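Numbering (this note's numbering), first residue to last: 7 to 88.
Note that the Cβ used here is the ideal one computed from N, Cα and C, for glycine as well.
These figures come from a predicted structure and were not determined experimentally.
Okay, so here's the structure we're looking at.
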């Protein structure tokens, strides 16, 4: 059964394996985003998961292509799981 799940430690090994096989969560930044996520998972798995659920927009600012930064918008991610 396919379901939408909140990212959790129980799912992280499979998510990491998908990244290592070349899947990217970002269709623009591709490999760069994959490397960033793998590094974040390696450094602190719990903090990585917490960063995916930011309903108050407290995460770090976003750097735009021209180099300026803007505040992060509130958001959250969910994974499609089977």
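Could you pull out every residue in the same chain whose Cβ sits closer than 6 Å to the Cβ of residue i, ignoring the five residues on either side in sequence?
i, result
"residue 36", "30"
"residue 148", "The question about residue 148 has no answer, for the chain in this structure spans 7 to 88."
Is the separation between the beta-carbon of residue i and that of residue j shorter than 9 Å?
i, j, result
"residue 25", "residue 55", "no"
"residue 84", "residue 63", "no"
"residue 66", "residue 80", "no"
"residue 59", "residue 9", "no"
Count the other CB atoms, across all protein chains shown, that sit within 10 Å of the CB of residue i; report buried if there are 16 or more and exposed otherwise.
i, result
"residue 13", "buried"
"residue 75", "exposed"
Whose C-beta lies closer than 8 Å to the C-beta of residue i among residues of the same chain, with five residues either side of it excluded?
i, result
"residue 51", "15 and 18"
Can you give me the Cβ contacts of residue i inside the same chain, cut-off strictly under 7 Å, excluding the 5 residues immediately before and after it?
i, result
"residue 40", "25 and 30"
Which whole runs of the alpha helix (DSSP H) in the stretch 9 to 83 are 4 residues long or more, in chain order?
-> 18 to 26, 36 to 49 and 51 to 57
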